[in-house]
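Chemist: Mind having a look at this structure? Questions to follow.
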Ligand code: NOJ
């Protein structure tokens, strides 16, 4: 619980709603606004402070809505603008703040600007809103440079001009249906200023910025340096990367911060920025820029006490150096669910196309045990934390979606070598039975495992040992205890211990056993919560507890 003077976002527990997979209120098989509204009581009772909703705009859904065709409206599949406004009001009435997602790096191919760019021809102001270039080679049939799409294949696609001749190429760091905008163009900047005001004016409390590190590209779009085989080097091997984390992005966010500060309810930003170091990340949350940024370094850290401790310390140091709160995240719609990750021999995450080819077998029971302990660790750390829908149910990654049902563009663009991210996007089970376990009245857009009824909200709600009960109790205590949320922590364990032990004032201690043997608990007055039962009075492996000391 934080002091009422502290802004809410410095200690918030934020629930990520992947809208297509949360709750289907209209029987389309896809989640929607009506479904979200019907579950607001669930979210209030879970005890989170805010929700972040992934893109809900009109979109051809080639990349799950991260391909936006109109930033000021709602996809028909999800509802209407009026319903979105009612949702924001209802969420507020439930004591929940609302964060929406904005996608400034690229639009959809179906955005009216892209149609205008195609029609207007080379050199036109319409084309200048995107990044069009002539191809290389005598007939221009090679891409303008050697950049690759994050989803696989070249980052360039050639268009046919209106007269039927092969034309210019456009840049797309993601799918070919997601053309990159040109952030050197003032019209692009002004358009997003207006989009921010449109949503802040409708009461949203925050905006998550998609690919916040990618907007600015180096002048001249130089080739990436290559290795001896001619393949582009990894971002970590490139000093002055031509499109990732360029200093020019900060000017944009300083401008955006001023816009947020125009509003009395002081909406906030959270950056999605996969960058090379915590110091680079901290630059995004300097006092005159964004408020928070996802801490992907934490999600990438293996289930190892020394490594977690190092990441926690480095995070807190880097964020406090710029006066920003730390954030913690274990799962989202782009990475393998942590129950599954923690059940593998290699427990650090791979994302999207960068997942290892053969990540090895999974011990789901072990993964869940660790995930429950990880939840207590994360929710006890200073700062704000993200809960990805379904993690409170202990859902694992779905690894066996039939190939012909995979929808992530990663699957096609990788030449069917990477299955992509559908396995963490499978619709939630609300009921023990039914065609989609209560997700909707009919089937869901991705198949759910046959045994998911046992993980449903209905089954877990009344079971005090369930993962849902653990999250509820942890979130309730997090709100109630003055020690939790914003503030400081003090380590009691040593840097090379297999235990993580820390205190927070007043009277709070968290102990996590990441070793292989059960250990005695430190002296304490009372146990508040434990992720798995004690074993003859000892704290077993892969277990966490919260104590009053
Ligand atoms: C990050 C989003 O989280 C991901 O789902 C999306 O595919 C890319 N950005 C491109 O917008």
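In this note's numbering, the protein residues as written are -14 to 534. For each residue, glycine too, the CB sits at the ideal point set by N, CA and C. None of these values were measured; they are calculated from a predicted model.
#1: Can you check which of these residues, 492, 265 and 447, is closest to residue 466 by C-alpha distance?
#2: Let me check understanding here. Comparing Cα to Cα, which of 282, 113, 531 and 230 lies closest to residue 100?
#3: Does the segment 351 to 360 come within contact of the segment 408 to 424, defined as at least 3 CB pairs closer than 8 angstroms?
#4: Using CA coordinates, which residue listed in 47, 522 and 468 is at the minimum distance from residue 366?
#5: Would the segment 222 to 235 and the segment 116 to 125 be scored as touching if the rule is three or more Cβ pairs under 8 angstroms?
#6: With a threshold of 6 angstroms (Cβ to nearest heavy atom), would residue 195 be considered close to the ligand NOJ?
#7: Roughly how far, in whole angstroms, is the beta-carbon of residue 318 from the beta-carbon of residue 406, given that I think they are within contact range, below 8 angstroms?
#8: Is DSSP giving residue 535 helix, strand or coil here?
#9: Could you tell me if residue 338 is buried or exposed, where buried requires 16 or more neighbouring beta carbons within 10 angstroms of its beta carbon?
#10: Hey, out of 116, 146, 212 and 110, whose CA is closest to residue 163's CA?
#11: If we ignore side chains and look at the alpha-carbon of each, how far apart do residue 136 and residue 435 end up?
#12: Is any heavy atom in the ligand NOJ found nearer than 6 angstroms to the beta carbon of residue 249?
#13: Do residue 160 and residue 48 have their CB atoms nearer than 7 angstroms?
#14: For residue 180, collect the residues of the same chain with a Cβ closer than 8 angstroms to its Cβ; drop the 5 residues on either side in sequence, then sort them by chain order.
#15: Which residues in the same chain as residue 368 place their Cβ atom closer than 6 angstroms to its Cβ, once the five residues preceding and following it in sequence are excluded?
#16: Tell me the rounded alpha-carbon separation between residue 192 and residue 266.
#17: Which whole runs of the alpha helix (DSSP H) in the segment 423 to 457 are 4 residues long or more, in chain order?
#18: What did DSSP end up calling residue 369 once you bin it into helix, strand or coil?
#19: Determine the contact status of residue 400 and residue 384, defining contact as a CB-CB distance below 7 angstroms.
#20: Helix, strand or coil for residue 352? Go by DSSP, reduced to three states.
#21: On the three-state DSSP scale, how would you describe residue 78?
#22: On the criterion of 16 or more Cβ atoms from any shown chain inside 10 Å, does residue -3 qualify as buried, or is it exposed?
#23: To the nearest angstrom, report how far apart residue 3 and residue 488 are at their CA atoms.
#24: Taking residue 490 as the reference, which of 500, 480, 475 and 503 has the closest Cα?
#25: Can you grab the Cα-Cα spacing for the pair residue 264 / residue 250, in whole Å?
#26: So, are the CB atoms of residue 14 and residue 428 less than 7 angstroms apart?
#27: Since residue 184 and residue 84 should fall inside the 8 angstroms C-beta cutoff, what is the C-beta to C-beta distance between them, to a whole number of angstroms?
#28: Three-state secondary structure (DSSP) at residue 313?
#29: Go ahead and pull the three-state DSSP assignment for residue -6.
#30: Taking contact to mean 3 or more Cβ pairs, one atom from each stretch, closer than 8 angstroms, check whether the segment 251 to 260 and the segment 268 to 287 are in contact.
#31: For residue 63 versus residue -1, is the C-beta distance shorter than 7 angstroms?
#32: Is residue 230 near the ligand NOJ - that is, is its Cβ less than 6 angstroms away from at least one heavy atom of it?
#33: If you check the beta carbons only, do residue 438 and residue 422 fall under 7 angstroms apart?
#34: With distances taken from CA atoms, which of 128, 134 and 283 is nearest residue 144?
#35: Less than 6 angstroms separating the Cβ of residue 99 from some heavy atom of the ligand NOJ?
Modeler: According to the structure data:
#1: Taking the first residue of the chain shown as 1, we reach residue 466 at position 481. Out of 492, 265 and 447, 492 has the C-alpha closest to the C-alpha of residue 466.
#2: As a first step, residue 100 is located in the chain shown; it is residue number 115 there, counting from the start. Ranked by Cα distance from residue 100, the options 282, 113, 531 and 230 are led by 113.
#3: Taking 8 angstroms as the limit for Cβ pairs, the verdict is that the segment 408 to 424 does not touch the segment 351 to 360.
#4: Against the chain shown, residue 366 aligns to sequence position 381. Nearest to residue 366 by alpha-carbon distance, out of 47, 522 and 468, is 468.
#5: In the pairwise beta carbon analysis, the segment 222 to 235 is classified as not touching the segment 116 to 125: fewer than three pairs are separated by under 8 angstroms.
#6: Within the chain shown, the letter at position 210 stands for residue 195. The closest heavy atom of the ligand NOJ lies less than 6 angstroms from the beta carbon of residue 195.
#7: Counting from 1 along the chain shown, the entry for residue 318 is found at position 333. Counting from 1 along the chain shown, the entry for residue 406 is found at position 421. Going by Cβ atoms, the distance from residue 318 to residue 406 rounds to 6 angstroms, so yes, they are a contact pair.
#8: There is simply no residue 535 to check, as the chain begins at -14 and stops at 534 in what is shown.
#9: On the chain shown, position 353 is the one that residue 338 refers to. Any reading at residue 338 must be qualified, since the residue scores a pLDDT of 48, below 50, and its modelled position is unreliable; the value itself is stated next. With 16 or more Cβ atoms within 10 Å of its Cβ, residue 338 is classed as buried.
#10: The residue you call residue 163 lines up with position 178 of the chain shown. Restricting attention to 116, 146, 212 and 110, the CA atom closest to the CA of residue 163 is found in 116.
#11: Here residue 136 refers to the residue found at position 151 when the chain shown is read from its first residue. Here residue 435 refers to the residue found at position 450 when the chain shown is read from its first residue. Near 30 angstroms, if we compare the C-alpha coordinates of residue 435 and residue 136.
#12: Translated into the one-based positions of the chain shown, residue 249 becomes position 264. Not a single heavy atom of the ligand NOJ lies less than 6 angstroms from the C-beta of residue 249.
#13: Counted from its first residue, the chain shown places residue 160 at position 175. Counted from its first residue, the chain shown places residue 48 at position 63. Pairing residue 160 with residue 48 gives a Cβ-Cβ distance under 7 angstroms.
#14: Numbered from 1 along the chain shown, position 195 holds the residue referred to as residue 180. Counting only Cβ-Cβ distances below 8 angstroms, and skipping sequence neighbours, we find 56, 57 and 87.
#15: In the chain shown, the residue the question calls residue 368 occupies position 383. Leaving aside the five residues that flank residue 368 on each side, the residues in its chain whose CB is nearer than 6 angstroms to its CB run, in chain order, 310, 311 and 312.
#16: The sequence position of residue 192 within the chain shown is 207, counting from 1. The sequence position of residue 266 within the chain shown is 281, counting from 1. C-alpha of residue 192 to C-alpha of residue 266: approximately 17 angstroms in a straight line.
#17: For the segment 423 to 457, whole alpha helix (DSSP H) runs of length 4 or above, ordered along the chain, are 442 to 446.
#18: Translated into positions along the chain shown, residue 369 becomes position 384. If DSSP states are grouped into helix, strand and coil, residue 369 belongs with the strands.
#19: Translated into the one-based positions of the chain shown, residue 400 becomes position 415. Translated into the one-based positions of the chain shown, residue 384 becomes position 399. If you check the CB distance, residue 400 and residue 384 do not come in under 7 angstroms.
#20: What you label residue 352 is simply residue 367 of the chain shown in a count that begins at 1. Helix at residue 352.
#21: As a position in the chain shown, residue 78 is number 93, starting the count at 1. Three-state result, residue 78: helix.
#22: Locating residue -3 in the chain shown gives position 12, counting from the first residue. Residue -3 is buried by the Cβ-count criterion.
#23: The residue you call residue 3 lines up with position 18 of the chain shown. The residue you call residue 488 lines up with position 503 of the chain shown. Residue 3 and residue 488: Cα-Cα distance of roughly 34 angstroms.
#24: Your numbering for residue 490 matches position 505 in the chain shown. Comparing Cα positions, the closest option is 475.
#25: Within the chain shown, numbered from 1, the residue matching residue 264 stands at position 279. Within the chain shown, numbered from 1, the residue matching residue 250 stands at position 265. When only Cα atoms are considered, residue 264 and residue 250 end up about 29 angstroms apart.
#26: Indexing the chain shown from 1 puts residue 14 at position 29. Indexing the chain shown from 1 puts residue 428 at position 443. In this structure, residue 428 lies closer than 7 angstroms to residue 14 by Cβ.
#27: In the chain shown, residue 184 corresponds to position 199, counting from 1. In the chain shown, residue 84 corresponds to position 99, counting from 1. Incorrect: roughly 10 angstroms between the Cβ atoms, too far for contact.
#28: As a first step, residue 313 is located in the chain shown; it is residue number 328 there, counting from the start. Assignment of residue 313 by DSSP, reduced to helix, strand and coil, places it in the strand class.
#29: For this step, residue -6 is matched to residue 9 along the chain shown. In this structure, residue -6 counts as helix in the three-state DSSP scheme.
#30: Taking 8 angstroms as the limit for Cβ pairs, the verdict is that the segment 268 to 287 does touch the segment 251 to 260.
#31: As a first step, residue 63 must be located in the chain shown, where it is residue number 78. As a first step, residue -1 must be located in the chain shown, where it is residue number 14. Contact: no.
#32: The residue given as residue 230 occupies position 245 in the chain shown. Taking the Cβ of residue 230 as the reference point, every heavy atom of the ligand NOJ lies at 6 angstroms or farther away.
#33: Residue mapping note: residue 438 aligns to position 453 of the chain shown, counting from 1. Residue mapping note: residue 422 aligns to position 437 of the chain shown, counting from 1. Result yes, Cβ atoms of residue 438 and residue 422 sit closer than 7 angstroms.
#34: Taking the chain shown and counting its residues from 1, one reaches residue 144 at position 159. Checked all of 128, 134 and 283; the closest Cα to residue 144 is 128.
#35: As a first step, residue 99 must be located in the chain shown, where it is residue number 114. No - the ligand NOJ has no heavy atom lying nearer than 6 angstroms to the Cβ of residue 99.
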